[in-house]
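Just below is one structure, and these are the notes that go with it.
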Amino acid sequence: MKLDLDGFEGPLDLLLDLARSQKVDIRRISIVALVDQYVLVLEAQDIRLELAADWLVMAAWLTWLKSRLLLPEESEPEEDAETLAGRLTDRLAELDRMRHAAFWLGGQVQLGRESFGRGAPEILRLEDRSGIVADLPALLRAYATARRRATAAAPYTPKPRRLYSVADALARLRLLLGRAPGWTVLQGFLPEGLASPLERRAALASGLVAALEEARGGGLDIRQDVAFGPLLIRLSREVRHERAA
Numbered sequence: 002m003k004l005d006l007d008g009f010e011g012p013l014d015l016l017l018d019l020a021r022s023q024k025v026d027i028r029r030i031s032i033v034a035l036v037d038q039y040v041l042v043l044e045a046q047d048i049r050l051e052l053a054a055d056w057l058v059m060a061a062w063l064t065w066l067k068s069r070l071l072l073p074e075e076s077e078p079e080e081d082a083e084t085l086a087g088r089l090t091d092r093l094a095e096l097d098r099m100r101h102a103a104f105w106l107g108g109q110v111q112l113g114r115e116s117f118g119r120g121a122p123e124i125l126r127l128e129d130r131s132g133i134v135a136d137l138p139a140l141l142r143a144y145a146t147a148r149r150r151a152t153a154a155a156p157y158t159p160k161p162r163r164l165y166s167v168a169d170a171l172a173r174l175r176l177l178l179g180r181a182p183g184w185t186v187l188q189g190f191l192p193e194g195l196a197s198p199l200e201r202r203a204a205l206a207s208g209l210v211a212a213l214e215e216a217r218g219g220g221l222d223i224r225q226d227v228a229f230g231p232l233l234i235r236l237s238r239e240v241r242h243e244r245a246a
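Numbering of the sequence shown is given in my numbering, commencing with residue 2 and proceeding in unit increments.
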């Protein structure tokens, strides 16, 4: 809205800025002429309603500012006209930002304008053929039963294995050692029929412990020619002399 008033000619928002910076004397502005020009704008057919509302707000603030300047100050002065004009400018700037945001929202894709939903919705009919009829109490009872069954389950116990013990190896060693002619590999005294690798390792470990125990008691001699080589055992000299006598 361009104004043509006594003392000012230009846009209404420029008049507010000049009044704020005290570069124009708004006391010389005729409020009657301002209202007449505003009425002419409203009577125009191509006027935008939002602009007319903005101009009405600015004109009202200018009228109020002029009244503040013309009327005598009260005993308790309020905010001066410059502060109020600055506040009006800030509000108009905020209004302009909201207008731009509304314009941006209006340009977005809208259902029924740029995009359209499908026609008649699909009619889905759900049929329960399971035959299960359950209510909340039955569901709670089933849950409690499952919880009790889970907590009452026995802990996992691995299946015991029958492995070759040290006592078995010691008894077999004492039985077969006298039949051996001389130095014999320790593996030769292990029992036959050891199927799994675990059983063979357990038998070898038990045989080694039995041989060491028998050697500690003086019943046999142990020899190993090379590091990590096979262990050789035989009856000790004392035992051989006793059996020879």
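Glycine included, C-beta positions come from ideal geometry on N, C-alpha and C.
Asp-136, DSSP secondary structure in three states: Coil, per DSSP.
Return the CA-CA distance between Ser-166 and Ala-216, expressed in angstroms with no decimal places. For Ser-166 and Ala-216, the distance between alpha carbons rounds to 18 Å.
Please identify the residue among Gly-218, Leu-233 and Gly-219 whose C-alpha is closest to the C-alpha of Gln-1. The structure shown does not extend to residue 1, since the chain is modelled only from 2 to 246, so the question has no answer here.
CA-CA distance, Gly-208 and Gly-218? Whole-angstrom Cα-Cα distance: 15 Å.
Helix, strand or coil, according to DSSP, for Val-186 in the structure here? Under the three-state reduction of DSSP output, Val-186 falls in the strand class.
Looking at the structure shown, is Ser-237 part of a helix, part of a strand, or coil, going by DSSP? Secondary structure at Ser-237: coil, using DSSP grouped into helix, strand and coil.
Proximal residues to Leu-199 (C-beta, below 8 Å), its chain only, five neighbours per side dropped: Excluding sequence neighbours, Leu-199 sits near Arg-162 and Leu-164.
Between Arg-171 and Ala-211, how many whole angstroms is the CB-CB distance? I'm expecting something under 8 Å. Position check: residue 171 holds Leu in this sequence, whereas Arg was assumed. Contact holds; Cβ gap of about 4 Å.
Excluding the 5 residues flanking Leu-195 on each side, which residues of the same chain have their C-beta closer than 6 Å to its C-beta? Excluding residues within five positions, the ones whose Cβ falls inside 6 Å are Arg-201 and Ala-204.
Please report the distance separating the alpha-carbon of Arg-149 from that of Ala-135. Using only the alpha carbons, I get a separation of about 20 Å.
Which residue comes first and which comes last in the alpha helix (DSSP H) that contains Asp-169? For Asp-169, the enclosing alpha helix (DSSP H) begins and ends at 167-178.
Since Phe-190 and Leu-213 should fall inside the 8 Å C-beta cutoff, what is the C-beta to C-beta distance between them, to a whole number of angstroms? Rounded, the Cβ-Cβ distance is 13 Å, inconsistent with contact.
Counting only the same chain and skipping the five closest in sequence on each side, list residues whose C-beta sits under 8 Å from that of Asp-222. Residues Ala-216, Ile-234, Arg-235, Leu-236, Ser-237 and Arg-238 of the same chain have their beta carbon placed closer than 8 Å to that of Asp-222, with the five preceding and five following residues left out of the count.
Are the beta-carbon atoms belonging to Trp-62 and Leu-89 less than 8 Å from one another? Inclusion of Trp-62 and Leu-89 in the CB contact set at 8 Å is warranted, their separation being smaller than that value.
By a C-beta neighbour count over all protein chains shown, 10 Å radius and 16 as the cutoff for buried, is Ala-60 buried or exposed? Its Cβ being crowded by 16 or more others within 10 Å, Ala-60 is buried.
Buried or exposed: where does Leu-176 fall if 16 or more other Cβ atoms within 10 Å of its Cβ makes it buried? Answer is exposed; the Cβ neighbour count stays below 16.
Is DSSP giving Leu-199 helix, strand or coil here? Three-state DSSP puts Leu-199 in a helix.
By the DSSP assignment, the beta strand (DSSP E) with Ile-124 in it spans what residues? Per DSSP, Ile-124 lies in no beta strand (DSSP E) segment and is marked neither H nor E.
Is the separation between the beta-carbon of Gly-120 and that of Leu-112 shorter than 8 Å? Gly-120 places its beta carbon 8 Å or farther from that of Leu-112.
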